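>
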Amino acid sequence: GEFQNSDSPYGTFDQSGNVWEWNESVIYSAYSGLRGGAFVYDNLGAKLCASYRTHLNHPSVELQTVGFRVVQVPEPGTFLLLAIGGLAVMRGATRSHLLTAPRRDLQPAAG
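Here this note's numbering is used: the first residue of the sequence shown is 910, the next is one more, and so on.
(1) In the DSSP output, what is Leu965 paired with across the bridge?
(2) First and last residue of the beta strand (DSSP E) that includes Glu930?
(3) Determine the DSSP secondary structure at Val975, reduced to helix, strand or coil.
(4) Tell me, to the nearest whole angstrom, how far the beta carbon of Glu930 is from that of Gly945; I am working on the premise that it is less than 8 angstroms.
(5) If we ignore side chains and look at the alpha-carbon of each, how far apart do Leu972 and Ala947 end up?
(6) Under three-state DSSP, which class holds Ala997?
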């Protein structure tokens, strides 16, 4: 990446500097929050781009440096399928362990 040893808590690099992103913060009554930074800043501005940097603007403003991030919230059924899949994997691992473990009733008696 551009900035060495600057990975995020998620292990990703260089995610600032795209555009300012709208967020759900309401600042004053008519202004909404922005976070991040935009690609058109000079070197000083690029150094100041960070997820903790905040700004505000009126929601009707349209600029090339302001955008939003599209995210998808998983359907409630997704979590159920994930749980069922996890249980199946655990059951398979337990069964595999039982099939590969030596059986005690087949061991020769000590004596």
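Every residue, glycine too, gets a C-beta built ideally from N, C-alpha and C. All figures in this text were calculated on a predicted structure; none of them were measured in a lab.
For this structure:
(1) Gly942
(2) Trp929 to Ile936
(3) strand
(4) 5 angstroms
(5) 11 angstroms
(6) helix
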